[in-house]
Amino acid sequence: MFSYLWLSTGKNYYRGDKPLQLFLSHLNFVGDSDLDALGGYVSTRMIEEAYYVDHYARPVLKRWSVRGEEVNYVQVSPSHLKTIYDLLKFGVVSKTITGERDLFYHFVSGYLISDAGFFCTITVTEQTAYGLAKYGNEETKALYLPNFLKNEKPWLGATFYTEVQAGSDLGGLEAVADRGTDGIWRLRGIKYFTSNVGLADAAIITAKPTPPRPGAKGVATFFAPAYRRDGSPNWMILRLKDKLGTVTVPTGEVELKDTEAVLLGSLDAGIYIALEILTIARIDNSTAGLGLARKALWEAYLYGNERRAFGKRLAEHPLYLRDLVEMEAKLQANLLLTLVAAKAFSDVAWREKPPYSQTYHYARLLTHIVKNLAAWASIDITRYSMELLGGIGFLEEFPLAKIHRDALVTAIWEGTSNIQSLDMVEVFYRKNGGKAFIEEVSSRINNLRDGEARHILSAALDNVKDLSRRALEDGVELHSKKLLSAVGKTAAATYYQEWAEELGEGWALALSKIYLYTEIAGKEIDSNLVKKGAEGLYWMS
312 MFSYLWLSTG
322 KNYYRGDKPL
332 QLFLSHLNFV
342 GDSDLDALGG
352 YVSTRMIEEA
362 YYVDHYARPV
372 LKRWSVRGEE
382 VNYVQVSPSH
392 LKTIYDLLKF
402 GVVSKTITGE
412 RDLFYHFVSG
422 YLISDAGFFC
432 TITVTEQTAY
442 GLAKYGNEET
452 KALYLPNFLK
462 NEKPWLGATF
472 YTEVQAGSDL
482 GGLEAVADRG
492 TDGIWRLRGI
502 KYFTSNVGLA
512 DAAIITAKPT
522 PPRPGAKGVA
532 TFFAPAYRRD
542 GSPNWMILRL
552 KDKLGTVTVP
562 TGEVELKDTE
572 AVLLGSLDAG
582 IYIALEILTI
592 ARIDNSTAGL
602 GLARKALWEA
612 YLYGNERRAF
622 GKRLAEHPLY
632 LRDLVEMEAK
642 LQANLLLTLV
652 AAKAFSDVAW
662 REKPPYSQTY
672 HYARLLTHIV
682 KNLAAWASID
692 ITRYSMELLG
702 GIGFLEEFPL
712 AKIHRDALVT
722 AIWEGTSNIQ
732 SLDMVEVFYR
742 KNGGKAFIEE
752 VSSRINNLRD
762 GEARHILSAA
772 LDNVKDLSRR
782 ALEDGVELHS
792 KKLLSAVGKT
802 AAATYYQEWA
812 EELGEGWALA
822 LSKIYLYTEI
832 AGKEIDSNLV
842 KKGAEGLYWM
852 S
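Just add 311 to the spot in the sequence shown (first one is 1) and you have the numbering used here.
In structure tokens, the structure reads:
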């Protein structure tokens, strides 16, 4: 398919992505024909639709029907909705709910789809179906779960957590829930950020049962359909947000007015269930953010192979090539660690319920690490890819500007870097995650064959230990972000070096060394490393 906007159109973002395929093989993941077809669909139809919606067909809230009734209607273009249903037909939600595939399958699809708007709709749908399937009572599951599994026009989901005074601080929620004599819970309150509102057929909602208990332990988690049993709207949309990016998902404010809902799990486990469901979105945020980075860097590589300056192609200039290999090394290292974290959570998700095991908490630790690392890598790589295209990259009429605008939200959605830092240190110190991390990474470092890499990474791990001790002495919160960064980069470099040694290819060893030098050791890279690392880019041609 020819495109005036994209150079990578038709490349197949699944089959054609060599590092992705190598990483999936390394993690013993076997894809299927649907993932392969999804890679082709995204690189042709979806990227064009996402660009069009972003520029010319933004969602619009319609408050009133022709009969003068107040309604919950968000108008989107028919092709917008068709694209969402097309994406769901690849099984990116249904297969994980029926047990045909585990959650890792869904997380991989996030890297392929990656459009922050379209995939947000897919993410909150996965979260809603997952929460219902795992924690809903049998009657509620029998009534609603089949709707999410339909092949034609399956239900879409949403998550209503945030309030004006309570974003990441869920303990500050003011929305309340009362259980009536008929056994139905009714919710009241205002939710301030509600993604996929107006498209969602149901939502996961947090509220405090009355009388509300202070703090996070008072939070309960509910499932609510978009319409009551009498057919009237179960919540009212107050307005849609005017956002910098993620235009392809409508985000609004919602008023809960005796919203009929069903409790998920137990009242005492409410906050844990809400955060478990949130973990899916945090991993999706990471895989999709790196998918955006891949699309941007792919465009920059192809542009550099065509554009000529000073008598030769941009990609033939050493400085341009160095930029590409440094970004590629960062992308690959972060992607591998993100996939490791995604698999760790996927392996325990369906079988664990509160109170969780040490294995679950370690998966959580990895999730906080990659949520932070992947978001900043996505922002950095998409921004620099724009620069590599020069003025063309800055124009809204071409896709890199949109990709970067969408990437910016990955550091904000599902908890900022400060929140990830605080959540990480809670697992690191209180759940024994730090000890498990140091033992795991230390073992991997000791088994590396490259003596220089072993020396650099051992020093990096010693720095993690020193930071963790210093934080306890001087204040954990103050040092938490620096610790999160050190833990993340040390882990990423270790897993990446280990994989490169296992693969044994010169380009992989060069790229892993480039990441080690630039992100850990602060050491200058030479022309031989750049040239050898560049061999790991040729697959994008």
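Cβ coordinates follow ideal geometry from the N, Cα and C atoms, glycine included. This one's a predicted model, so the numbers in the text were calculated from it and none came from an experiment.
Q. In chain order, what residues of the same chain have a beta carbon less than 7 Å from the beta carbon of L632, not counting five sequence neighbours either side?
A. Cβ within range, chain order: A626, V841, A845.
**Q.** Identified DSSP bridge partners for R295
**A.** The structure shown does not extend to residue 295, since the chain is modelled only from 312 through 852, so no value can be given for it.
(Q) E812 and D734 - do their beta-carbons sit closer together than 8 Å? (A) In this structure, E812 does not lie closer than 8 Å to D734 by Cβ.
Q. Buried or exposed: V738, going by 16 or more other Cβ atoms within 10 Å of its Cβ?
A. V738 should be labelled buried.
Q) I think A797 touches E830, with their Cβ atoms under 8 Å apart; what is that distance to the nearest whole Å? A) Not a contact, Cβ separation roughly 11 Å.
**Q.** T409 versus V681: straight-line alpha-carbon distance, rounded
**A.** In this model, T409 and V681 are separated by some 27 Å (Cα to Cα).
Q: Keeping to the same chain, check which residues put their C-beta closer than 7 Å to that of V720; ignore five residues upstream and five downstream.
A: Leaving aside the five residues that flank V720 on each side, the residues in its chain whose CB is nearer than 7 Å to its CB run, in chain order, A427, G556, T557.
Q: Starting from the Cα of A572, find the closest Cα among A592, R550, G491, N339 and give me that residue.
A: It is G491 whose Cα lies nearest to the Cα of A572.
Q. Between which two residues does the beta strand (DSSP E) harbouring R550 extend?
A. That run of the beta strand (DSSP E) goes 547-551.
Q. Could you give the C-beta distance for K641 and Y396, rounded to a whole number, given that I count them as a contact under 8 Å?
A. With a contact defined as Cβ atoms closer than 8 Å, K641 and Y396 miss out at about 35 Å.
Q: Thinking L699 and A620 are a contact (beta carbons under 8 Å), I'd like their distance in whole angstroms, please.
A: Taking a contact as a CB-CB distance under 8 Å, the pair L699 and A620 does not count as one, their CB atoms being some 12 Å apart.
Q) Among residues of its own chain, excluding the 5 on either side of E788, which ones have a beta-carbon nearer than 6 Å to its beta-carbon? A) Excluding sequence neighbours, E788 sits near nothing in its chain.
**Q.** Start-end ranges of the alpha helix (DSSP H) lying completely within the stretch 768-849, minimum 4 residues
**A.** For the stretch 768-849, the continuous alpha helix (DSSP H) assignments of 4+ residues that do not extend past its boundaries occur at 787-814, 817-826, 838-845, in sequence order.
Q: Let me know the secondary structure DSSP gives S506 once reduced to three states.
A: The answer is strand: DSSP assigns S506 an E or B state.
Q. Can you tell which of I433, L711, R540, I495 has the C-alpha that lies nearest to the C-alpha of L316?
A. Nearest of I433, L711, R540, I495 to L316, Cα basis: L711.
**Q.** Nearest-angstrom beta carbon gap, T439 and A513 [assumed within contact, 8 Å]
**A.** About 6 Å separates the two Cβ atoms, so the contact holds.
Q: Taking G563 as part of the beta strand (DSSP E), name the residues at either end of that continuous run.
A: Where G563 is concerned, the enclosing beta strand (DSSP E) stretches over 562-574.
Q) Where do the N-terminal and C-terminal ends of the alpha helix (DSSP H) with Y324 fall, by residue? A) Careful: Y324 lies outside any alpha helix (DSSP H) and carries neither H nor E.
Q.
For A599 and T693, which I take to be in contact (beta-carbon distance under 8 Å), what is that distance rounded to the nearest angstrom?
A. Contact between A599 and T693 does not hold, since their C-beta atoms are separated by about 12 Å, which reaches or exceeds 8 Å.
Q. Under the three-state reduction of DSSP, which class applies to D290: helix, strand or coil?
A. The structure shown has nothing for residue 290, since the chain only spans 312 to 852.
Q. Do you know whose CA, among W818, A469, L635, G526, lies nearest I582's CA?
A. It is G526 whose Cα lies nearest to the Cα of I582.
Q) Got a sec, what are the start and stop residues for the alpha helix (DSSP H) F430 sits in? A) Looking at the DSSP string, the run of the alpha helix (DSSP H) that includes F430 is 427-446.
Q: Could you name the residues of the same chain whose beta carbon sits closer than 6 Å to that of M851, not counting the 5 residues immediately before and after it, in chain order?
A: The residues W609, Y612, in chain order, have a CB closer than 6 Å to that of M851 in the same chain once the five nearest residues on each side in sequence are set aside.
(Q) Considering only the alpha carbon of each residue, which of F656, D691, L349, K664 lies closest to L677? (A) Comparing alpha-carbon positions, the option among F656, D691, L349, K664 lying closest to L677 turns out to be F656.
Q: In angstroms with no decimal places, state the Cα-to-Cα distance between G563 and N545.
A: Looking at the two C-alpha atoms, the distance is approximately 15 Å.
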